[in-house]
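The sequence shown begins at 192 in the working numbering and counts up one residue at a time. From the three backbone atoms N, C-alpha and C, an ideal C-beta is built for every residue, glycine too.
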Amino acid sequence: MSDPVIYEDLRGKTCLVTGANGGIGMATAAQFAACGARVLATDIGPDWLGGSTAIYKQVDLLNETGLAEISDWIAEETPDVLFNNAALFDMGSVLEADLVQFDRLFGLNVRAMYAVLQASANALIAAGKHGSLINMASQAGHRGEALVAHYCATKAAVISYTQSAALALAPHHIRVNALSPGVIDTPMWKTVDALFAKFEGKEIGQKKREVGEAVPLGYMGAPDDVARVAVFLASDQSNYITAQTLSVDGGNVLR
192 MSDPVIYEDL RGKTCLVTGA NGGIGMATAA QFAACGARVL ATDIGPDWLG GSTAIYKQVD
252 LLNETGLAEI SDWIAEETPD VLFNNAALFD MGSVLEADLV QFDRLFGLNV RAMYAVLQAS
312 ANALIAAGKH GSLINMASQA GHRGEALVAH YCATKAAVIS YTQSAALALA PHHIRVNALS
372 PGVIDTPMWK TVDALFAKFE GKEIGQKKRE VGEAVPLGYM GAPDDVARVA VFLASDQSNY
432 ITAQTLSVDG GNVLR
């Protein structure tokens, strides 16, 4: 019997990671690089913190200049893989979450996500290339939460756009999938924990401990847990998977 073919080899591929300067984005950029990819990374900060793993460009995806800049970069580089990760989190019930928060969260989590997705698809089609586009959803996109109205809605939109884009791009052999992380121990959780402390009257650290204990596997995930699944979706190992949202959540969401 011949040796099995290892498809999770990204040599020869260019991978673009948005929201790359921390947490899941940085872990994914590092995993892509470790698998041999040429990695392009963007975030809002001026400096790239990920060492030599990527070519970095500072971009603010909440303004038109930033969206035009990244669209031009995508057209120039034609990445084979997009990890569409940039996002914001905030809290507030339907009675409290105002339209300023709505505009910020939908502006980055949905509007910019869509613009980057569209630019990536158009670049691949123009070049006659196949590709894998990966959007960052969340377990929050599968159901609403009383205190997380806008964020949950943005992630539900990501899942819907993923399905629509996958069907539209299938004739071009461009796959579109989403990842749906559960509670992942990233730097953002410091902010999330503080917001739950404010809105639910909890002590700092209490919410983070509670959500980790509530996961069926018994603990919060790590950024690399998500990044390894991103490598799978980026690679030829997943060639027959499109229009799917893969949960990486320790069993939190049963579907």
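By the 10 Å Cβ neighbour count, where 16 or more other Cβ atoms means buried, how is residue i classified, buried or exposed?
i, result
"residue 256", "exposed"
"residue 414", "buried"
"residue 243", "exposed"
"residue 358", "exposed"
"residue 438", "buried"
"residue 375", "buried"
"residue 384", "buried"
"residue 445", "exposed"
"residue 395", "exposed"
"residue 212", "buried"
"residue 308", "buried"
"residue 361", "exposed"
"residue 311", "buried"
"residue 334", "exposed"
"residue 284", "exposed"
"residue 319", "exposed"
"residue 381", "exposed"
"residue 291", "exposed"
"residue 203", "exposed"
"residue 218", "buried"
Give the secondary structure of residue i by DSSP, where H, G and I count as helix, E and B as strand, and everything else as coil.
i, result
"residue 282", "coil"
"residue 345", "helix"
"residue 192", "Any reading at residue 192 is ruled out, since the residue's pLDDT is 48, under 50, leaving its predicted position unreliable."
"residue 323", "strand"
"residue 246", "strand"
"residue 232", "strand"
"residue 299", "helix"
"residue 444", "coil"
"residue 311", "helix"
"residue 207", "strand"
"residue 276", "coil"
"residue 437", "strand"
Could you name the residues of the same chain whose beta carbon sits closer than 6 Å to that of residue i, not counting the 5 residues immediately before and after it, in chain order?
i, result
"residue 133", "Summary: the structure shown does not reach residue 133, with the chain confined to residues 192 through 446, and so no result is reported for it."
"residue 373", "330, 440, 441, 443"
"residue 328", "346, 349, 350, 369, 371, 436"
"residue 207", "231, 270, 273"
"residue 315", "322, 365"
"residue 434", "354, 357"
Below 8 Å CB to CB, which residues in the same chain sit around residue i once its five sequence neighbours on both sides are set aside?
i, result
"residue 192", "The pLDDT assigned to residue 192 is 48, lower than 50, so where the model puts this residue is not dependable, and the model offers no usable value."
"residue 407", "441, 442, 443"
Looking only at its own chain, which residues have a Cβ that is under 7 Å from the Cβ of residue i, when we skip the five neighbours before and after it?
i, result
"residue 264", "248"
"residue 342", "280, 281, 296, 331"
Three or more C-beta pairs closer than 8 Å, one from the stretch 260-275 and one from the stretch 324-336: is that the case here? yes
Return the chain-ordered ranges of every alpha helix (DSSP H) run that is complete within the stretch 349-414 and spans a minimum of 4 residues. 379-391, 397-405
Any contact between the stretch 224-240 and the stretch 296-303? By contact I mean 3 or more CB pairs, one from each, below 8 Å. no
Is the stretch 332-352 in contact with the stretch 415-426, if contact means three or more CB pairs nearer than 8 Å? no
Does the stretch 213-226 come within contact of the stretch 419-428, defined as at least 3 CB pairs closer than 8 Å? yes
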